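Everything below concerns the one structure shown next.
Protein chains: 2
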Amino acid sequence: MAITTLRGQPFDRQVLDSMLRRRMFYTPSFEIYGGTAGLYDYGPPGCALQANVIDLWRKHFVLEEDMLEVDCTALTPAEILKTSGHVDKFADWMCKDPKNGDIIRADHFVEEILETRLKGDKTARGVKVVEKEEDPKKKKKKSKGTVEAVKLDDAVVQEYEEILAKIDNYNGEELGELIKKYDLKNPATSVQPEPPVAFNLMFQTAIGPSSNAPGFLRPETAQGQFLNFAKLLEFNQQQMPFASASIGKSFRNEISPRSGLLRVREFLMAEIEHYVDPQGGKKHSRFHEVKDVELVLLNRHTQLSGKTNVEKIAIGKAVADGTVDNETLGYFLARIHLFLKKIGVDQSKIRFRQHMANEMAHYAADCWDAELQTSYGWIECVGCADRSAYDLTVHAKKTGAPLMVRERLDTPISIEQWEIDLDKKKFGPFFKKDGKAIEAAIEALPQEKRDALAQDLKSDGKITVDVEGVGSGKVEVSKDLIVIERRTRVENTREFTPNVIEPSFGIGRILYCLYEHNYWTRGSDGGDEARGVLSFPPPVAPTKVLLVPLSSNEAFKPLVKYMSLKLRSVGVSSRVDDSSASIGKRYSRNDELGTPLGITIDFQSVKDKTYTLRDRDSTKQVRADEDTILAAIKSLIDGTKFWADIEKELPAFEGQEIDAEIPVR
Amino acid sequence: MAITTLRGQPFDRQVLDSMLRRRMFYTPSFEIYGGTAGLYDYGPPGCALQANVIDLWRKHFVLEEDMLEVDCTALTPAEILKTSGHVDKFADWMCKDPKNGDIIRADHFVEEILETRLKGDKTARGVKVVEKEEDPKKKKKKSKGTVEAVKLDDAVVQEYEEILAKIDNYNGEELGELIKKYDLKNPATSVQPEPPVAFNLMFQTAIGPSSNAPGFLRPETAQGQFLNFAKLLEFNQQQMPFASASIGKSFRNEISPRSGLLRVREFLMAEIEHYVDPQGGKKHSRFHEVKDVELVLLNRHTQLSGKTNVEKIAIGKAVADGTVDNETLGYFLARIHLFLKKIGVDQSKIRFRQHMANEMAHYAADCWDAELQTSYGWIECVGCADRSAYDLTVHAKKTGAPLMVRERLDTPISIEQWEIDLDKKKFGPFFKKDGKAIEAAIEALPQEKRDALAQDLKSDGKITVDVEGVGSGKVEVSKDLIVIERRTRVENTREFTPNVIEPSFGIGRILYCLYEHNYWTRGSDGGDEARGVLSFPPPVAPTKVLLVPLSSNEAFKPLVKYMSLKLRSVGVSSRVDDSSASIGKRYSRNDELGTPLGITIDFQSVKDKTYTLRDRDSTKQVRADEDTILAAIKSLIDGTKFWADIEKELPAFEGQEIDAEIPVR
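So the sequences go chain by chain: R and V. According to the UniProt record's numbering, numbering within the first sequence proceeds without interruption in unit steps and concludes at 665. According to the UniProt record's numbering, numbering within the second sequence proceeds without interruption in unit steps and concludes at 665.
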């Protein structure tokens, strides 16, 4: 499907990109030093857009639900990321080309070469090669090397296709075997790359002056939030459910970042960790508020059957029929959708894709990505995972910290179970140095085992317990040292480890999608094709109002200053353009900056304090007195009114945009 | 001078610190893993305070002066920080203790041991040892080891004192010599530490998969701004002066961070780079707006004479009499002062200290630090330096990028100077491979040299030029290859490298000072000494309003919800405390959180929709209807009114704060 602009024009990424750089939405970092792949700076409009999106995010999520925002460090000691699994698993497989030293991502390499061969086969068979629709999970790559028309055996074709279908499931050794078996060569050098080695994607450093304190830059903000769980629960006065939230930079050392702003090494994330009781089906008290929100879903079963058909369905129904695992997850999917809509994501370019079983971390219960459509394909911009109790459990196990909730039970419950008493006075002296290990092994015995041992004790007067590392590994304990009894205990509290629902936003990716989704050119109105427009919704637009004096006439200066101060005092960001360029050129520049409104100060303004207000998208203008214009601006920025409302209420101003310089007396 | 609380009570740092941690303003990062020195997380109130201070900073500086905000990466390739001087110079000297492996900062070590010996000497001489007022430039350290009463020779005392006076001026080798010469031993092990080695304070990492791309985490945000200078000037439509600004994390790998939140390894900075034409005395067009702002200054001359006397002086006068180098620097000092005042810095605990000549970077023209007084001494929180043209010059030289301003001259100027023409057709063939080097050497000749050479050419028919690396280093060029003439040229433009005035804010340090400056306990009113209060000004307070229902009676719930939504809709952050604790306890908790206002919802509210509004600082209450209460809250938060005004306008509510649980029907 061809990508089009907001106004249905064919989309040209190079043109948009050059405009974004010209207007300094972004710029490659360290460009005067030649730049560094995967690192970008935001210039003033990019920076303001980001600040506005973050501000709305904070209002939409943090303030709306009284989330507990925290700011944790990016520097993280290795031990924490070892526990979380990142040190061992947060890696890609890479190969080195022995001839030119190129570093290649192994899975991408195998995929590209096999695809190239399959294309060559089709060409040889005289089949027209049609680029299939992009696989949502894979980034589009320029295929390496040229396609040679070589026919393959039917069996080989089938082998290749099977490999490609499960390319994400191979480990490094298996990828290496594929490279050898099929003699896959780097087209740039015509040699096989070296066997794949794991490359951890975290940036490593040392914390402090001694080299024995390795650390990493965090690859996500989540771990800092988990480690503070107990304190946050205390801060929340022990009330469940609750959520923490964090906005901050994360870092991933991509092997060879491409795709511009979509795959970068340093990026802003906004993450929420919502803690919920795993009992009771993970209901959400505000689910009814969103149950009718319709989402475009691409579920797991559809993908399994090799299709990408989506369905538009109310989240209430999707949870009811089990497509989405639970209410809390569904609640956040709907809230994510509403947020993306609010900031200006094109509603026809958004879908929620469920993770396949083999894509999810082994502990995750369910996971959906909000994907936005761009010229690079469907891009994951928000992940929303049910991480179950995994993170709190591993950190609690490693540190012994009580990362759990104690809940007072309204109705105490009685629990009947096997309990074990040891005669400590005799037990220790009897087993001496092995006492502690044997005691621990006994205390760890599960209920069903205790049942059986109670019978043994009764019949044999002793039991045999497995204790690793003590003697033969089997230890006998006689009945004068131990009692095993079934007892009933009344519990007034319940302890549990909460589950975590984690909406995780890649802010930079969302910003890039906003550029693509809101871009069009005046060519669509029959105007100048070279004049770009970014139709950001007023609440996120970098600057809200452009102030343009008709010319450099001195008479306009006090009014420009007055209106500028006035707008600032009501919290509206504005910019003055009093350069000598024509009115039309000045507006044009600000259309590219996405400024939604413009005020022209002309001779009429000097006379009667009326101003014209211009709408970026239609270029229509209205004219009214100061207070009326300011009220209109406020309502457009708050989102309480749209331009169509303003046009109905206020008299149109028919003066054309003037490209030529106005002669000034 | 003893530090006191905002209400003049003796200040106890341990008590404040424990309160800040209990209320989760901050917490040591990774505490359940044992923590990591110099890394701290902010909990919800610390995070909100930080966001509010940043928001005010952006309004006070960025929006007020249309600064160009940028967001650059923290990851920085080594080459850039090599050029800026950080790779070679951003280091401290450290020693290793050979016995226990302790890492010691060399200058601190020498200082501490010599001070301990001088104290011992005084004790031996029977002189009472008085702790002198803390040196503003040095962090207070617990002196190592115990003071032994050993009398020293008078000459030795003098030597020690001279060393201490210039302790900042020794390099590593010299510090090593001092350790040997005076046999300075680590009290912990009674051995001399190993010779000092330089320890660079930047965190190093590798960018990308190959190890030949070393990088660092930025130690300041400034470099990213300098590298974007040319693009920012273009964005600003070539208009000077202008400023860029950036808010972001920076990183410094301190050798052994102490002093809690004041010396950390990862911290938020807000930096401004204001570019100004070096010609014309660095005037500032808005200087008249601040010229009467009075600052407390500690100038260089006073410090040179070993004193710390300050003077309170209007910035207009300080610039006029040359104490502060120029108007632009003075303008920012005043603006910094106004900002610190606005966010709640105690006016009696702020001074501006001028850097001594040996403290400043060699390129700096003048530098002042805004220092805030705390229990740790006077702490540098904002630096304001005139960095001259240093940064732009070194990066331009290294990369060849034109980091300069071209200014159209209103009146063209004629320049008379010596110009050189080479006969290129003959010159190249004559000198062959050396041609380029010789040409470059000739073109680099300064005016005064050209003058002399023109005479030589006239008299001798040839000149001799120094060209490194060509033959003997002297090259003769005869008059058939070269012409040297005095000519007059008319220039319509002027090129110059702007100077940079850099106000640089350590946000974390400022936040810590806000805690100390706004803290007191109810003991000062004759109340409970254990009840802390943080009297933040309403605009920066983490939460503005606490909503407390009198009890858990169902009748209050709709009103609590209603007021909560109402406050949110007018942009006021509030928190509900409907826990079962007494009203008094709930207010008390929020006094410690610095919440300035409280609304109690009681049975009267249910009847007539009136509410009480409570002031944190006086605990006084007023009562009025909803709209009146909301208007009062808005005006207090905007800073347009103070509590004294509200008390005059609205009827007092005399109901006492109740500590006991209210019985509920």
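Virtual Cβ for every residue (Gly too), placed ideally from N, Cα, C. All values reported here derive from a predicted model rather than from experimental measurement.
Item                                                                                                               : Value
Inter-residue Cα distance where the pair is K137(R) and P538(R)                                                    : Unreliable positioning characterises K137(R) in this predicted model, as indicated by a pLDDT of 45, which lies under 50. The coordinate reading is nonetheless provided below. The alpha-carbon atoms of K137(R) and P538(R) are separated by roughly 33 Å.
Three-state secondary structure assigned by DSSP to D434(V)                                                        : helix
D71(V) at chain R interface by Cβ criterion, 8 Å                                                                   : yes
CB of G8(R) within 8 Å of CB of M24(R), strictly                                                                   : no
Simplified DSSP state of N200(R), which is helix, strand or coil                                                   : strand
Interface residues of chain R facing H395(V) [CB-CB closer than 9 Å]                                               : I32 and Y33
K544(V) burial status per 10 Å Cβ neighbour count (16 or more: buried)                                             : buried
Amino acids of chain R, ordered along the chain, whose beta-carbon sits closer than 9 Å to that of I3(V)           : Here the premise fails: no neighbours, minimum Cβ distance about 27 Å.
Residue-chain proximity (C95(R), chain V), Cβ-Cβ < 8 Å                                                             : no
Uninterrupted alpha helix (DSSP H) stretches inside the stretch 325-398 of chain R (no shorter than 4 residues)    : 327-343
Contiguous beta strand (DSSP E) assignments of at least 3 residues, all confined to the stretch 197-247 of chain V : 197-200, 204-206 and 214-217
Three-way DSSP call (helix, strand, coil) for K424(V) in this model                                                : helix
Which of helix, strand or coil DSSP assigns to E654(V)                                                             : coil
G210(R) at chain V interface by Cβ criterion, 8 Å                                                                  : Here residue 210(R) turns out to be Ser, not Gly, going by the sequence shown. Yes - at least one Cβ of chain V is within 8 Å of the one on S210(R).
The stretch 332-347 of chain V / the stretch 48-65 of chain V touching (three or more Cβ pairs under 8 Å)          : yes
Cβ-Cβ distance between G172(R) and P193(R) below 8 Å                                                               : no
Within-8 Å CB hit, E311(V) to chain R                                                                              : no
Member of D386(R), S305(R) and S375(R) whose CA lies at the smallest distance from the CA of G330(R)               : D386(R)
Proximal residues to L20(R) (C-beta, below 7 Å), its chain only, five neighbours per side dropped                  : Y26 and Y515
Distance between E371(R) and V15(R) (C-alpha atoms, nearest Å)                                                     : 24 Å
Identity of the residue in V465(V), P542(V) and Y275(V) nearest L392(V) by Cα                                      : Y275(V)
Contact with chain R by T543(V), beta-carbon distance below 8 Å                                                    : no
Where E266(V) meets chain R, residues with beta-carbon distance less than 7 Å                                      : T73, A74 and L75
Listed by chain order, chain V residues near L68(R) by CB distance under 7 Å                                       : P44
Euclidean distance between Cα positions of H284(V) and E161(V)                                                     : 43 Å
Burial state of L534(R), where buried means 16 or more other Cβ atoms lie within 10 Å                              : buried
Buried/exposed call for P10(R), threshold 16 Cβ in 10 Å                                                            : exposed
Presumed contact (8 Å Cβ cut-off) between L481(V) and L422(V), rounded CB distance                                 : 6 Å
Alpha helix (DSSP H) segment containing residue 692(R), residue limits                                             : The shown model of chain R, from 1 to 665, leaves out residue 692(R), and the question about it has no answer.
A91(R), enclosing beta strand (DSSP E) - first and last residue                                                    : A91 to K96
Contact list for the stretch 628-640 of chain V against chain R, Cβ threshold 7 Å                                  : none
Supposed contact pair M269(R) and S504(R) - C-beta distance, whole angstroms, cut 8 Å                              : 7 Å
Residue-chain proximity (F235(R), chain V), Cβ-Cβ < 8 Å                                                            : yes
Beta carbon proximity, T36(R) to chain V, threshold 8 Å                                                            : yes
Sheet register partners of W520(R) (DSSP bridge)                                                                   : V533(R)
For N186(R), the residue or residues it bridges with in DSSP                                                       : V191(R)
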